[in-house]
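Inspection log for the structure reproduced underneath, given as structure tokens.
8 protein chains.
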Amino acid sequence: MSKDSVYQILEAVQSGEVSIADAVTKLKMEPFQDLGFAKVDHHRAIRQGTPEIIYGAGKTPEQIVGIASAMLERGQETVLITRIDRAAADEIGKTHELCYNERGRIGYIGPLPEPDGDGTIVVCTGGTSDIPVAEEAAVTAEALGNRVTRLYDVGVSGVHRLLRNMEPIMTARCIIAVAGMEGALPSVVGGLADSPVIAVPTSVGYGASLGGIAALLSMLNSCASGVSVVNIDNGFGAGYLASMINHLSKKP
Amino acid sequence: MSKDSVYQILEAVQSGEVSIADAVTKLKMEPFQDLGFAKVDHHRAIRQGTPEIIYGAGKTPEQIVGIASAMLERGQETVLITRIDRAAADEIGKTHELCYNERGRIGYIGPLPEPDGDGTIVVCTGGTSDIPVAEEAAVTAEALGNRVTRLYDVGVSGVHRLLRNMEPIMTARCIIAVAGMEGALPSVVGGLADSPVIAVPTSVGYGASLGGIAALLSMLNSCASGVSVVNIDNGFGAGYLASMINHLSKKP
Amino acid sequence: MSKDSVYQILEAVQSGEVSIADAVTKLKMEPFQDLGFAKVDHHRAIRQGTPEIIYGAGKTPEQIVGIASAMLERGQETVLITRIDRAAADEIGKTHELCYNERGRIGYIGPLPEPDGDGTIVVCTGGTSDIPVAEEAAVTAEALGNRVTRLYDVGVSGVHRLLRNMEPIMTARCIIAVAGMEGALPSVVGGLADSPVIAVPTSVGYGASLGGIAALLSMLNSCASGVSVVNIDNGFGAGYLASMINHLSKKP
Amino acid sequence: MSKDSVYQILEAVQSGEVSIADAVTKLKMEPFQDLGFAKVDHHRAIRQGTPEIIYGAGKTPEQIVGIASAMLERGQETVLITRIDRAAADEIGKTHELCYNERGRIGYIGPLPEPDGDGTIVVCTGGTSDIPVAEEAAVTAEALGNRVTRLYDVGVSGVHRLLRNMEPIMTARCIIAVAGMEGALPSVVGGLADSPVIAVPTSVGYGASLGGIAALLSMLNSCASGVSVVNIDNGFGAGYLASMINHLSKKP
Amino acid sequence: MSKDSVYQILEAVQSGEVSIADAVTKLKMEPFQDLGFAKVDHHRAIRQGTPEIIYGAGKTPEQIVGIASAMLERGQETVLITRIDRAAADEIGKTHELCYNERGRIGYIGPLPEPDGDGTIVVCTGGTSDIPVAEEAAVTAEALGNRVTRLYDVGVSGVHRLLRNMEPIMTARCIIAVAGMEGALPSVVGGLADSPVIAVPTSVGYGASLGGIAALLSMLNSCASGVSVVNIDNGFGAGYLASMINHLSKKP
Amino acid sequence: MSKDSVYQILEAVQSGEVSIADAVTKLKMEPFQDLGFAKVDHHRAIRQGTPEIIYGAGKTPEQIVGIASAMLERGQETVLITRIDRAAADEIGKTHELCYNERGRIGYIGPLPEPDGDGTIVVCTGGTSDIPVAEEAAVTAEALGNRVTRLYDVGVSGVHRLLRNMEPIMTARCIIAVAGMEGALPSVVGGLADSPVIAVPTSVGYGASLGGIAALLSMLNSCASGVSVVNIDNGFGAGYLASMINHLSKKP
Amino acid sequence: MSKDSVYQILEAVQSGEVSIADAVTKLKMEPFQDLGFAKVDHHRAIRQGTPEIIYGAGKTPEQIVGIASAMLERGQETVLITRIDRAAADEIGKTHELCYNERGRIGYIGPLPEPDGDGTIVVCTGGTSDIPVAEEAAVTAEALGNRVTRLYDVGVSGVHRLLRNMEPIMTARCIIAVAGMEGALPSVVGGLADSPVIAVPTSVGYGASLGGIAALLSMLNSCASGVSVVNIDNGFGAGYLASMINHLSKKP
Amino acid sequence: MSKDSVYQILEAVQSGEVSIADAVTKLKMEPFQDLGFAKVDHHRAIRQGTPEIIYGAGKTPEQIVGIASAMLERGQETVLITRIDRAAADEIGKTHELCYNERGRIGYIGPLPEPDGDGTIVVCTGGTSDIPVAEEAAVTAEALGNRVTRLYDVGVSGVHRLLRNMEPIMTARCIIAVAGMEGALPSVVGGLADSPVIAVPTSVGYGASLGGIAALLSMLNSCASGVSVVNIDNGFGAGYLASMINHLSKKP
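Protein chains in written order, with my numbering: chain R, -9 to 242; chain L, -9 to 242; chain G, -9 to 242; chain S, -9 to 242; chain C, -9 to 242; chain D, -9 to 242; chain F, -9 to 242; chain A, -9 to 242.
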């Protein structure tokens, strides 16, 4: 459709309906709207069924309901909502059927899409306190059409726990490694697996953990190849990127 | 071959050559050597032709020559050497035919493998000073069998330069965005493209760039989805990860 | 009047009323009071109508009302009050007609001055969460006699949004670019426009945003010329400086 | 000229020389080149005589000579070169008449433009060690067509030195305040003057000066209104911004 | 028992019950479970009577009760619970006899083991505000079977207080030195004693104490030999390590 | 008295009551108790009338009352209590006549001592928000027997306010300069006065003030001679040190 | 002389030579030069014999010789030069008799003034590596007319070394405590002595000493009263302040 | 001998040779020298054969030779010298037979003592670049009478390398884990072994390794119990502490 409008302008020029000066003005004023570089719109148009995402932090339940309703009315099937607490979820639940994951503080309205990724995404954590961030990642990935395997509490201070789970790790298409404290899990995982490892530092810990900075630095310095890092506690970002990697074969 | 040794132990047990007690000891002592969890060896064994990599920093030319010679004698076709300066390269060049990239301070002995990746990797930089890190990434990716498109000096303070190069960016399988200073390139690229973006902060800059920390923080906070970050100046790590992503369809 | 007192001392010396020794003492003791270097008073005296400003943080509504009343009684037409929450605004509203902007947590008593600046000030933000800081800047600028154009949510991870708004940006006299997270907006804006860009980092974000430090560093490292930076969340400072720049032709 | 090309495409469409499909491709591929949003080119085209600027750091004298020669051949009258040391300057001086300022490590080829700014720019420093950064700012401003007054060594630990120079400070169109150590000069100047103050922290100092971070933080926290900050040691950036502010009345 | 399972597999191989291929798979899949490298399980099995430890932070009283009950049912004699506040302790106290130390926010269910360490552990603090962390260390050590001497409020700004207590310090098997603020206690103690000194920085203080970072850095820079450091406020870790050192002669 | 005990031991040795071996043990065990190096006790014994000080932070009103009562019963005339809020002060006021300074969150029981210092202490602040810290310093100094002159809100962004108060500054025996934000006051004061200047950074400010770190660094880098710094918000420490300097002539 | 000029203006006004308007202008333009607030000049004029000080860092030997010669010609008796290395000292020694202290990288031309302070200044260090900074402090103090006692290598990790030197510490008028690493010396000294303690952190150390930041933070957090801190390695500043304190009784 | 002097004073008192007043003075002035609290001297006197240690950094070869000669003349058998480079070692080698370890930049004169520790000390490293620090630790431990097992290049990104070496790790009396970059080795080792683990961060790495701070923070946050940390690159400190732990049974 965006192409159409350029076509239309040019046709109007060709037919003499529009003067060249007017066409120049029009092209100059709205190049992007007209030329359609906007990724989001473009690709949403192509990949039907992908859920819209609402970042819930700082929004009232009413605002979230409003945005979600508008999306659903436009024909959106699934709406993913991140960073909402139980109270907000309850409020939203009054008007929409929300599937809410309390640990990950994330929920979605509508059906989960069928997994259509190239393989499986493994989400693993160092400890039990890292699970909320991991759940945000896992549910995000599931809502974006991925099969997810969870391996929680397999941190490096008990490396046998990780080694007992070699099979999913060795066969994953992409691994999300979530850890706070010393943040060493991605290094060990990255040394064992040969898939991309997305490291997610968490703010779990106290004192010299510096709110997750210690884990973040540790991960950035990983000796293992194939490891990259996202922001502290950014489970959503990790899940989104993992899904992108897991759908690469779908890319034209 | 690693499997063989477990087989051999078990066969020896089956045949009575080895007592159960001795077998337990052997299995306990060298479980990993025997069971073959070591990724590197295992996969090197499978994926013939992949170059071995020598991290040149802190090694003398003699040491590098020694390691490279041993690798080549073992049948390795291509040897990639990172972080070597011109003088070391000249020294190595006396005994081996080294293809040396001075800007990226990286070189390789032996032929480049044929590109066999799933698509193209784009390596782009914010400024000209970021090119050394970008070249390290690009040559690494090429040496690992990838087709690479370079887009240098397309930083965000002249965003039209980037927008003039939409085609390679929109069609890349994976994008490496290298930038120092404000480190904003990955955000803009990540907002335009729908491939994974590997952000590489560089230590280019002065004062409040804090040796690349400013760019690093900026990239970790990217609003664009699909962006992850590696260590400052870690061109090699970005090239390796991009290659891994670009070869995912080859994974069994 | 301050000049008068020096005159008076000198006249008294001339006339012999005051001895030279006494005059020296007097001049030494109160040079500034007498010579009138105090900018604020001086210029307030000249530029009638400029609003007085009350920094509301840490003041009770009663204190604010007291100060504002005193100002208005002295003939001040407009009183600008920054950093007040809704409750304080309501309290103040009981005795004065306060025009309160809740998002910017800023308000004013009395009429807005007619815009008398040299051009237009553009206030733009990277995201919607940056709007409170932007509103503080915008209302400050309006209260100081400027025409303000707001461009919100035009962040660099969707650069087409910014490019759709080239006209106000290219014609602005001064641009205030407000952004948290990666803080890249001022660089992109500064690369497009040729007006001074005042960058305002916000404390929006989490984890490695370090309460706005990431955005601050990013902005200080901007590759674009013409960009300078104020403190994190300092919308008032940006609005004040922009107004100063927009009134430069009024300077004698 | 950029407009011409859009005109030409449209005329070619109108005349039937070019098909609509080809026109769409052309417009999509090179929107910015064609539509002329690129500030630098556009404005250079309009404001003839403005010097081109070469950032000398990391460039060899030969590279600088090459770039400068190309610029001069294109008809550029003045070429400003920043961050070059004496040896590089001597080398450049062999082929071009370079006016070199050793303290500011900055020089220019060709005539200085006539000052055409709206007023005077004051460049002041806290100490004598800050002078190199101040000279970079001052020469930049002069090369961009500004009248510059230098007030050096007027730091706050001897505030009388500053107060002796009230006249230029009170009448300046824009003030650049350069200081290391405690970085308090911009606050004092900003409290006295009513022009925009561009604060430049310098890396002068030792220990807790943290390479200029102390001065930078101090300046960002300035209580004085009208103060904004650029990167540590960024004399060029301050000079460029000051010139932009001092030429605002020239803006259409 | 873990050895048994490997034996059993090998015996089954020897007897022909299990094929070599199946044995390889089994060995590969669960090497650690079978080979028994897991320290915790292994050693718990050997050293009967050692208390299990529950890290109470982030757990509800119900969860703690549940875990503790399970442990006790399994035959565990003593259960140590760290980081629980008074309210949680009261809740737990309803169902189990909890010996609660409010200052150290630590408690245990069941009898304290008889001290069986090689010597005495001294726990000393710089000030009274460091006592909560010290108590966490002391109770941990006691629950792990150590005799503990407490020397509180013997900080370096009144060094005579420390010197009055030379006897326990000179005869201790291991010393835990807990201090906030300048964190100098371990240096002075380490200079006097010839036992290992475990330094525990506390988050006590304000301003430039940076939440314990000042004390942490101070301790890491200790000039005294024999000093090592654990995380800020990590009394448990210090108590555990001290106990390990104090039981070294029990190690086979 | 402490001397007595050594005397007594020696006399007992001389008289044969105590064996040399026992005397050695006794001297070795309690050298400091016996030899009386403890400053506090020693000097308190000499300088009768000096108030005892209670650091109120982290103590309940009951604890404070208990400590104060004990002190008063021992004959202490004045008891100074720092860091207590209004509620605690009210509680203490029920049993003792407490003179409470709410802004400084400090109070004392008993009469203020007559000022017996060598001169006057000036306490000045940059802004009104720094006054609480300044009051803590001022009341501490007064309670320790000093005459105090307060000069509040004389910050460097309005340097005339400071210059109007040259007389007390030029004649002070010691100056306490309290400032947050850019922390420049001590530099300006130290450049004008020739008395020791004790700089107290405050945690006033937001964003890049980093909780007072910006002011702290600024003060440590002061170009003015005679300036030294205490911890952020440490009004008590500054008042105590100023009193010590102001009583130096009383030292034997 | 400065007073003279005000007198002269006033006399000229009185005699009618100068009009009142001209006098106002003159007084306004040069208030400080004329009114003589400049501390340095003023007090130098009064306290004859005090050495002038040249900060040698960043100055060539020629520049230093030039400045020193001018000072000596003006009648200055002693010239103190800080931060000069051996080579510069040798160069200066060719034309002037320089008494050079190599460890402290400090020297002076002319005679040392007779000590005229109120008491003795103790300069103590934690280790031998801190001696250069201590010597800078000690020589500065001596050159400003103070008697100095040096106590080197009395750090807290061997507290008996300090306690052996109680006499000078207990009787000092002011103590300079110089220490790197954990920086605990001022706390111990401040707890023993009742004189002002000026703490000087040094950049001695490695790793987590962070170039002296660890010692700096430690000192700022000192529990001992009467301690204040100067910049890292700032021996000169400590010596100057100590001298100021030691000459307070000389102040009118 | 130190005891002797107290005895002698007391005997002189007993015999009437010395008055009680003189004895008090003597005891007060030199309590530590006389009473023998000085640990180093005391224990050196008892444990004959322990090497003296010279910290070579910042000392000239001549100084080192001087100190070592004096030690040897006093009867010291072995002298350990840390932090000396090859050139210094060669210089020392001219006069003494120095056993020099170039990688660890450490050497000793005289024979190595026979190992007399309670068990074995394991020194392991994450990578080959960490070996210099590890050698400093290992040679220190050997020179202090310990049996040392080296396990180098067993970092967590190839965890099988570590697991192949379970035997020495499980049987060590104390483990020194040396690692840079992500610093995760101590966590994995601490999770496997049940001996004290001394973690040594190294400054190996670049960018976000921040000179070893990343590894340091990682180690301080270790989830494994029994881990404590020394300063970055402090191999000596780790070796000394390990030896102390390994000789605890020798303590009376």
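From the three backbone atoms N, C-alpha and C, an ideal C-beta is built for every residue, glycine too.
Quantities reported herein were computed from a predicted structural model and do not represent experimental measurements.
List, in order along the chain, the chain R residues whose C-beta lies closer than 8 Å to that of residue i?
i	result
I10(S)	Y(-3), L0, E1 and Q4
G197(G)	P191, S193, G201, G202, L206, N221, I222, D223 and N224
Contact defined as beta carbons within less than 8 Å: I believe residue i pairs with residue j. What is the distance between those atoms, to the nearest angstrom?
i	j	result
I111(C)	I71(C)	In fact, because the Cβ distance is near 20 Å, the residues do not count as touching under 8 Å.
E104(F)	G225(F)	The Cβ separation is near 22 Å, so there is no contact.
G227(F)	R163(F)	Actually they are not in contact, since the Cβ atoms of G227(F) and R163(F) sit about 18 Å apart, beyond 8 Å.
P186(S)	G229(S)	That pair is no contact at about 14 Å.
Determine the chain L residues that contact residue i at a beta-carbon separation under 8 Å, and present them in chain order.
i	result
L200(G)	L207
Report yes or no: is there a C-beta of chain R within less than 7 Å of the C-beta of residue i?
i	result
L213(A)	In the sequence on display, residue 213(A) carries Cys and not Leu. C213(A) counts as touching chain R.
P122(L)	no
Pull the bridge partners of residue i from the DSSP assignment, please.
i	result
Y45(D)	T72(D)
N91(L)	I96(L)
I'd like to know whether the C-beta atoms of residue i and residue j end up nearer to each other than 7 Å.
i	j	result
A169(G)	A204(G)	no
C213(A)	S59(R)	no
L210(C)	V219(C)	yes
For a contact defined as C-beta to C-beta under 7 Å, what are the partners of residue i on chain D?
i	result
G148(S)	G181
Closer than 7 Å, CB to CB, is residue i near chain F or not?
i	result
E172(C)	yes
I71(D)	no
Quick one: which chain A residues come within Cβ less than 7 Å of residue i?
i	result
M61(C)	Chain A residues near M61(C): none, gap ~17 Å exceeds 7 Å.
Check whether chain G comes within 7 Å of residue i, counting only Cβ atoms and requiring the distance to be less than that.
i	result
V144(L)	no
A13(F)	yes
V187(L)	no
Comparing the C-beta of residue i with each C-beta of chain A, is any distance below 7 Å?
i	result
A228(L)	no
Could you work out which residues of chain G lie near residue i, taking near to mean beta carbons separated by less than 7 Å?
i	result
L134(S)	Those do not exist, as L134(S) stays about 10 Å from chain G at its closest Cβ, beyond 7 Å.
At the 7 Å Cβ level, is residue i part of the contact set with chain S, yes or no?
i	result
R34(D)	Low confidence applies to R34(D): its pLDDT is 38, below 50, so where it sits in the model is not reliable enough to give any reading.
inquiry  = Any C-beta of chain E within less than 8 Å: which residues of the region 93 to 125 of chain L qualify?
reply    = Protein chains R, L, G, S, C, D, F and A are contained in the structure displayed, whereas chain E is not.
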